[in-house]
Amino acid sequence: MLADDASPTSLRSYAYELLAWVRFLRAVDIPWHLASRVEARDFALWLKTTKKPPRRRRPDAPAPGSVNPLTGKAAPGENYAARTRRHARTVIRSFYEYHRETHGRPLIKCASQSDAAVPASLAPGHLSAQGAQADPADHS
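Here the sequence shown is numbered in the numbering used here, starting from 53 and rising by one per residue.
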């Protein structure tokens with residue numbers, strides 16, 4: 053990505069997604085190179101059901117998920133959005149595809165794009181540093 057002139061924020065978001073994935077795998081005691089569709093599914097479900105870490109808000113800030121009466125846009129919700137989950141899925145899939153292309157050997161399929169067994173909800177995205185540090189085992 054660095055060679056492709058990806059922005060620093062893109063590199064950062066990919067790094068945090070991989071960090072969340074590796075921490076999730078560590079919490080369930082699975083080495084990254086042995087992760088399977090089962091772990092990918094569990095990670096997706098964890099992202100879908102867990103609440104984002106709380107962040108400081110202005111006293112007059114709208115409640116999470118509320119709709120702005122002027123613009124009609126929803127404020128970010130308490131859970132990770134579908135777009136965020138899709139981003140995480142893409143990052144994880146890209147990581148395993150890169151490893152396969154670079155090292156010339158397949159790993160156990162985790163989040164292959166052609167893999168119908170991997171649910172579409174395995175779509176993660178921009179986890180904050182705190183979100184990546186959350187222990188997924190605590191939220192099962």
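Note that the Cβ used here is the ideal one computed from N, Cα and C, for glycine as well.
Quick caveat: nothing in here was measured; it's all calculated off a predicted structure.
Flag this pair as yes or no: are the beta carbons of residue i and residue j separated by less than 8 angstroms?
i: V119; j: E69; result: no
i: Y132; j: K104; result: yes
i: A127; j: P116; result: yes
i: R138; j: L99; result: no
i: D194; j: V74; result: In the structure as shown, the chain starts at 53 and stops at 192, and residue 194 therefore has no counterpart that could be examined.
Taking the C-alpha atoms as reference points, what is the distance between residue i and residue j?
i: E153; j: S146; result: 10 angstroms
i: L122; j: E149; result: 44 angstroms
i: R109; j: V90; result: 36 angstroms
i: P171; j: L77; result: Unreliable placement is indicated for P171, whose pLDDT of 39 sits below 50; the coordinate value is still reported in the next sentence. Their Cα atoms are separated by approximately 18 angstroms.
i: D167; j: A96; result: Any reading at D167 must be qualified, since the residue scores a pLDDT of 41, below 50, and its modelled position is unreliable; no value is offered.
i: K125; j: D112; result: 17 angstroms
i: I82; j: A58; result: 30 angstroms
i: R64; j: T102; result: 22 angstroms
i: T61; j: A140; result: 15 angstroms
i: S164; j: P114; result: The predicted position of S164 is uncertain, since its pLDDT is 45 and thus under 50; no value can be drawn from it.
i: A87; j: H155; result: 17 angstroms
Going by Cα to Cα distance, which pick from the options is closest to residue i?
i: E130; options: P121, F95, P106, A113; result: P106
i: A72; options: A92, A113, D112; result: A92
i: H151; options: P111, R141, H85, D94; result: H85
Practice task
Please specify which runs of the alpha helix (DSSP H), each continuous and at least 4 residues long, are wholly inside the segment 77–107, giving them in chain order.
Solution key: 89–101
Discussion item. Quick check on the DSSP output: what are the complete alpha helix (DSSP H) runs of length 4 or more inside the segment 114–161, in order along the chain?
Written reply: 134–155
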